[in-house]
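K.L.:
The following block contains the structure, expressed as structure tokens.
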């Protein structure tokens, strides 16, 4: 059973049940329709697909390994844990799978300028990287608070020739960067392609980003078959907007015997109100072009989020995750900053792999899940990024100044 | 006939164009808004557009973003905005009031509840920036049942096919966004606007009003020549920003600008 034929969302208008859609200003409707047409056309175009495959293989470094974390698994004393090593991609995270795809699409559409929003900086770096690679102008919007906690990524983007614009409105984090990128887009619509970094935004973005990230799950299917001769029992991935999670989950949606766990940032704890767990603790609403679960107050204002991981610090999650949650096909859980930091140290010391703080949330949930499973069961966790960018944050947490 | 329809009919009979000022409800504080609405009517406003504060106003330029932030420091909610309209109605039963905002506060209130509360408060129409007609089907059922107009936008990128969709789905008037950009942007091209408005009128029976980039008497009168109405927002909100803490000055500065626009627009008719 390998097809995804049975699951065929979203519909033509980008709806996953009541979620998704195109909640956006009129000025963007026709440009987005144009993007939708281009996306449908090129996803079927063998020449485009061949170029994308080539870039993914030789530039990104795919396929990424599926690594059996034997020592960690035996210490957890339950299921065998495999790590899908997206941290080994060029630029150090899964984000580049999508930016390569969208940038090639932008080029086909005759756009000369790329804009992007970024939280942790990984999507900004991945966008700046492909812009450099394709000789395109690149502007990255980043919340002012994030530019401070991810200063190294800001410098990387500048080295790559991108202009980084600190966003000083609202909560000065990822959601505000998205607002500002939308404002740029509506103003410069003629020459500009907006590379959204996660499975959010108006249709076709949630579906398009998913399709570019689904290579993670497709490779996983083949690789686990080679390692184990069968498919896994559970998939685990962190969810901010949810692009690495949907990339892993999507090719498995019809395999209902494979459990799927999306792990959100519980920050200081769900009961403190200082967290970023929209699926676990939010309610449906409309933001950034789609209907999905959001962290909002009783009057519909979006509330400020908190996570030690800048990449999870977003008040929503992609509409497909909202649908998977309501359908009961995936389960969404949350782990705290401290649990994620513990898992960060565990993987570093036990396997010699320094994970991103985002991915550390998925690992922290594996620590809970694996011991409840049998030794012949298999978990695949998406190690969506490497932790080099987070060294300063981790050190600061421990009172160490580098 | 709705208040908006009535107002356009009487303007047409008088050979005049609609002047539609926008302010954000609760900016810079909740007590300022209702008296300011009355002052704007006295200065020549035909329809009042009241912004509903939202935490993530994606289509706004810096001036209105800041206005919404100021209102939100007072926790001005949609319910409170409806209360302001209700208070306004106690003294003015003729001037149409239009709410302009984003989808989420209305989603959270619920479409039916919103339509009921808005109609009861004396709201005449609603314009939701991030809700194109395709996503407004459920809302329209509720608003139509209660006689509320839903105003949709047409922009420079809107195709003829979509102009037809927008003009069929909406009522009250068609709001033409004069430029590609956010509110308060500066690159208004009157000739282009004239062509677009003529094109919209090929498909739409509704009046066509123009907003974005209109900032003074001159630009208002130029637009009034080619459209049925002029929406002015950021230029007014800037007067609030420049006179924070001085309500008298805010009222005077806004009234002055509106009077100047009114006079310039009315000169155009002859």
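Protein chains in written order, with this note's numbering: chain A, 5 to 406; chain B, 1179 to 1448.
Just so it is clear, CB atoms sit at the ideal spot from N, CA and C, and this is done for glycine as well.
(1) Cα separation between residue 306(A) and residue 285(A)?
(2) Could you name the residues of chain A that residue 1336(B) contacts, counting a contact when the two beta carbons are closer than 9 angstroms?
(3) Starting from the beta carbon of residue 1363(B), find every residue of chain A whose beta carbon is closer than 9 angstroms, and list them in chain order.
(4) Quick check: the stretch 1252-1270 of chain B against the stretch 362-370 of chain A, are there 3 or more CB pairs under 8 angstroms?
(5) Whose CA, out of 166(A), 208(A), 311(A) and 88(A), lies closest to the CA of residue 221(A)?
(6) Give the DSSP-derived three-state secondary structure of residue 1392(B) in the structure shown.
(7) What number of angstroms, rounded off, separates the C-alpha of residue 248(A) from the C-alpha of residue 90(A)?
(8) What first and last residue would you give for the alpha helix (DSSP H) that runs through residue 316(A)?
(9) Classify residue 1276(B) as helix, strand or coil using the three-state DSSP reduction.
(10) Could you tell me the alpha carbon to alpha carbon distance between residue 1448(B) and residue 1204(B), rounded to whole angstroms?
(11) If you measure between the beta carbons of residue 272(A) and residue 1283(B), is that distance less than 7 angstroms?
(12) Taking residue 70(A) and residue 227(A) to be in contact with their CB atoms under 8 angstroms, please state how far apart those CB atoms are, rounded to whole angstroms.
(13) Under the assumption that residue 1266(B) contacts residue 1215(B) (Cβ atoms under 8 angstroms), give the Cβ distance between them as a whole number of angstroms.
(14) Excluding sequence positions up to five away, which residues of its chain have a Cβ less than 8 angstroms from the Cβ of residue 378(A)?
(15) Between which two residues does the alpha helix (DSSP H) carrying residue 347(A) extend?
(16) Three or more beta-carbon pairs under 8 angstroms between the stretch 13-22 of chain A and the stretch 314-333 of chain A, yes or no?
(17) Take every Cβ of the stretch 48-67 of chain A, pair it with every Cβ of the stretch 1334-1354 of chain B, and state whether three or more of those distances are shorter than 8 angstroms.
(18) Residue 1325(B) to residue 219(A), Cα distance in whole Å?
(19) For residue 177(A), name the three-state secondary structure that DSSP assigns.
(20) Which residues in chain B have a C-beta closer than 7 angstroms to the C-beta of residue 289(A)? List them in chain order.
(21) Alpha carbons only, please: which of 1191(B), 1441(B), 1209(B) and 1188(B) is nearest the one belonging to residue 1429(B)?
(22) Please confirm if residue 183(A) has its CB atom under 7 angstroms from at least one CB of chain B.
(23) Kindly indicate if chain A contains any beta-carbon less than 7 angstroms away from that of residue 1255(B).
(24) Got a sec, what are the start and stop residues for the alpha helix (DSSP H) residue 1184(B) sits in?
(25) Which complete beta strand (DSSP E) runs does the stretch 173-231 of chain A hold, if anything under 3 residues is left out?
(26) Tell me, which residues are paired with residue 1198(B) by DSSP?
(27) Any C-beta of chain A sitting closer than 7 angstroms to the C-beta of residue 1331(B)?
(28) Would DSSP call residue 38(A) helix, strand or coil?
(29) Assess contact between the stretch 1354-1362 of chain B and the stretch 1241-1252 of chain B, defined as three or more Cβ pairs (one per stretch) separated by less than 8 angstroms. Is contact present?
(30) Could you check what DSSP says for residue 303(A) in three-state terms: helix, strand or coil?
(31) Within the 7 angstroms Cβ cut-off, does residue 8(A) reach chain B?
(32) Assess, as a yes-or-no matter, whether the stretch 1294-1302 of chain B is touched by the stretch 1267-1275 of chain B under the definition of 3 or more beta carbon pairs within less than 8 angstroms.
(33) Could you tell me the alpha carbon to alpha carbon distance between residue 1334(B) and residue 34(A), rounded to whole angstroms?
(34) Between 1445(B), 1421(B), 1329(B) and 1379(B), which lies nearest to residue 1409(B) when the distance is taken from Cα to Cα?
(35) May I ask which residues mark the beginning and end of the beta strand (DSSP E) holding residue 156(A)?
(36) Decide if the stretch 109-127 of chain A is in contact with the stretch 195-214 of chain A; the criterion is three or more beta carbon pairs, one per stretch, under 8 angstroms apart.
P.N.:
The answer reads as follows:
(1) The residue given as residue 306(A) occupies position 302 in the first chain. The residue given as residue 285(A) occupies position 281 in the first chain. Going by the C-alpha atoms only, they are around 13 angstroms apart.
(2) By 1-based counting over the second chain, the position of residue 1336(B) is 158. The answer, in chain order, is 30, 31, 33 and 34.
(3) To locate residue 1363(B), count along the second chain from 1; it is residue 185. Residues of chain A passing the Cβ test: 191.
(4) no
(5) Position 217 of the first chain, counted from the start, is the residue given in the question as residue 221(A). Selected option, being the one with the closest Cα: 88(A).
(6) The count along the second chain starts at 1 and reaches residue 1392(B) at position 214. Note: residue 1392(B) maps to coil in three-state DSSP.
(7) For this step, residue 248(A) is matched to residue 244 along the first chain. For this step, residue 90(A) is matched to residue 86 along the first chain. Their Cα atoms are separated by approximately 9 angstroms.
(8) The count along the first chain starts at 1 and reaches residue 316(A) at position 312. That residue, residue 316(A), is in no alpha helix (DSSP H); it is neither H nor E in DSSP.
(9) Along the second chain, one-based indexing puts residue 1276(B) at 98. Residue 1276(B) falls in the strand class under three-state DSSP.
(10) For the purposes of this step, residue 1448(B) is taken as the residue at position 270 of the second chain. For the purposes of this step, residue 1204(B) is taken as the residue at position 26 of the second chain. Below a pLDDT of 50, predicted positions are generally treated as unreliable, and residue 1448(B), at 48, falls in that range; the measurement from the model is reported next regardless. Cα-Cα distance, rounded: 38 angstroms.
(11) On the first chain, position 268 is the one that residue 272(A) refers to. On the second chain, position 105 is the one that residue 1283(B) refers to. Against a cut-off of 7 angstroms, the Cβ pair of residue 1283(B) and residue 272(A) comes out as no contact.
(12) If you number the first chain from 1, residue 70(A) lands on position 66. If you number the first chain from 1, residue 227(A) lands on position 223. Contact holds; Cβ gap of about 4 angstroms.
(13) Position 88 of the second chain, counted from the first residue, corresponds to residue 1266(B). Position 37 of the second chain, counted from the first residue, corresponds to residue 1215(B). The pair is a contact, with the Cβ atoms about 5 angstroms apart (cut-off 8 angstroms).
(14) The residue labelled residue 378(A) in the question sits at position 374 within the first chain. Only 82 and 83 meet the Cβ criterion.
(15) Here residue 347(A) refers to the residue found at position 343 of the first chain. Looking at the DSSP string, the run of the alpha helix (DSSP H) that includes residue 347(A) is 341-355.
(16) yes
(17) no
(18) In the second chain, residue 1325(B) corresponds to position 147, counting from 1. In the first chain, residue 219(A) corresponds to position 215, counting from 1. One C-alpha to the other measures close to 51 angstroms.
(19) Counting from 1 along the first chain, the entry for residue 177(A) is found at position 173. Looking at residue 177(A) - three-state DSSP - the assignment turns out to be coil, as it is neither helix nor strand.
(20) Locating residue 289(A) in the first chain gives position 285, counting from the first residue. Simply 1282, 1285 and 1286.
(21) If you number the second chain from 1, residue 1429(B) lands on position 251. With distances taken between Cα atoms, residue 1429(B) lies closest to 1209(B).
(22) Mapped onto the first chain, residue 183(A) falls at position 179. Judged by the 7 angstroms Cβ criterion, residue 183(A) is in contact with chain B.
(23) For this step, residue 1255(B) is matched to residue 77 along the second chain. Yes, residue 1255(B) counts as interfacial toward chain A.
(24) Taking the first residue of the second chain as 1, we reach residue 1184(B) at position 6. It spans 1181-1192 - the alpha helix (DSSP H) in which residue 1184(B) sits, taken as one unbroken run.
(25) 196-199
(26) Position 20 of the second chain, counted from the start, is the residue given in the question as residue 1198(B). Per DSSP, 1409(B).
(27) Locating residue 1331(B) in the second chain gives position 153, counting from the first residue. Residue 1331(B) counts as touching chain A.
(28) On the first chain, position 34 is the one that residue 38(A) refers to. If DSSP states are grouped into helix, strand and coil, residue 38(A) belongs with the helices.
(29) yes
(30) One-based indexing of the first chain puts residue 303(A) at position 299. Of the three classes helix, strand and coil, the one that applies to residue 303(A) here is coil, per DSSP.
(31) Along the first chain, one-based indexing puts residue 8(A) at 4. With a pLDDT of 45 at residue 8(A), under the threshold of 50, the predicted position of this residue should be treated as unreliable, though the coordinate-derived value follows. False, the Cβ-Cβ gap to chain B never drops below 7 angstroms.
(32) yes
(33) What you label residue 1334(B) is simply residue 156 of the second chain in a count that begins at 1. What you label residue 34(A) is simply residue 30 of the first chain in a count that begins at 1. Distance between the alpha carbons of residue 1334(B) and residue 34(A) is about 10 angstroms.
(34) Along the second chain, one-based indexing puts residue 1409(B) at 231. Of 1445(B), 1421(B), 1329(B) and 1379(B), the residue nearest in Cα terms is 1329(B).
(35) As a working note, residue 156(A) is residue 152 in the first chain. That residue, residue 156(A), is in no beta strand (DSSP E); its alpha helix (DSSP H) goes 155-163.
(36) yes
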